[in-house]
Amino acid sequence: MAARLLAALCLALGLAGCASSTPRSPEEALARLIEDAVAGHSASDQYQNVNPVDEETIKQFVYVEEWLDVNGESVMGVRPGATPVEGSFRFTRSADGRSLYLISYGWPGPQVRSRVLRPAPGSKIMLLGWSDLLPWEQLGAVCVITTPREMADEENHPCKQAFVFKVEAPR
C-alpha cells in the first residue's frame with residue numbers, strides 16, 4: 021500500500037521520479053490527485069523509486085498521504101462516476117461498482133444535497149474517517165445526507181480540504 025500511496029503522490033505532484041518539478045501547494049497536489057481519479061487516470065504504479073528532494077515536496081507528500089490514509093479508497097483503483105462533477109462535488113466508483121464516492125471540496129455543512137446521487141433503497145452511507153452510518157433520504161430529485169453534528173467543529177474533521185462520503189449499495 022505504501023508504494024501505491026507514493027506512486028499516487030508522485031502522480032499528483034507531477035513529479036517524474038520525484039526528482040524535479042515546479043513545486044505546487046499541498047492543496048493543489050491533492051486537488052490534482054482527485055481530479056485525475058475523477059477523469060479516470062490511474063494513480064497506481066505510475067512511478068518507481070520515489071525520492072522527495074526538498075522540504076516543500078516533503079510537506080506536500082505528508083499532506084496528501086494523510087488525506088489518502090483516510091480517503092484513499094475513493095481515488096485508488098476507481099473509475100469515474102456516471103456524472104463525475106456536480107458543483108464542488110466529485111464522484112468516483114469502485115471497480116466492482118458496489119460503492120460510489122462523493123468527494124466534497126470543503127466541508128458541506130449540516131447536509132450534503134446532491135441531484136446526481138441516487139442511492140438504491142437500503143444503501144448505506146458513511147463519511148470516511150467516521151465510524152457511524154449517516155442518515156439520508158431521497159427527496160424527489162435531491163439526495164439529502166445529514167452530516168454528524170460533531171463535525172460542525174472543524175477540529176473533529178477526519179481530514180482537510182476534501183471530504184468523502186461513501187455510498188454502499190445493498191447486497
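Numbering (the working numbering), first residue to last: 21 to 191.
Ideal Cβ positions, reconstructed from N, Cα and C, are used throughout, including at glycine.
For residue i, the three-state DSSP class (helix, strand or coil)
i: residue 146; result: strand
i: residue 181; result: coil
i: residue 159; result: strand
i: residue 120; result: strand
i: residue 27; result: Confidence in residue 27 is poor, its pLDDT being 49 and thus under 50, which makes the residue's placement unreliable; the coordinate value appears in the next sentence. Here residue 27 sits in helix by DSSP.
i: residue 50; result: helix
i: residue 70; result: Per-residue confidence for residue 70 stands at a pLDDT of 49, beneath the threshold of 50, marking its modelled position as unreliable; no derived number is given.
Among the options, nearest to residue i - alpha-carbon criterion
i: residue 48; options: 166, 164, 125; result: 125
i: residue 106; options: 60, 78, 135, 119; result: 135
i: residue 46; options: 77, 58, 57; result: 77
i: residue 91; options: 173, 178, 188; result: 178
Spatial neighbours of residue i in its chain, beta-carbon cut-off 6 Å, leaving aside the 5 residues before and after
i: residue 191; result: none
i: residue 60; result: 100
Residue i versus residue j: straight-line alpha-carbon distance, rounded
i: residue 154; j: residue 95; result: 21 Å
i: residue 75; j: residue 176; result: 28 Å
i: residue 145; j: residue 129; result: 16 Å
i: residue 161; j: residue 73; result: 49 Å
i: residue 180; j: residue 150; result: 14 Å
i: residue 93; j: residue 142; result: 22 Å
Close Cβ partners of residue i (< 7 Å) along its chain, the five nearest in sequence each way excluded
i: residue 114; result: 98
i: residue 110; result: 54, 58, 104, 123
i: residue 133; result: 162, 164
Sheet register partners of residue i (DSSP bridge)
i: residue 109; result: 106, 124
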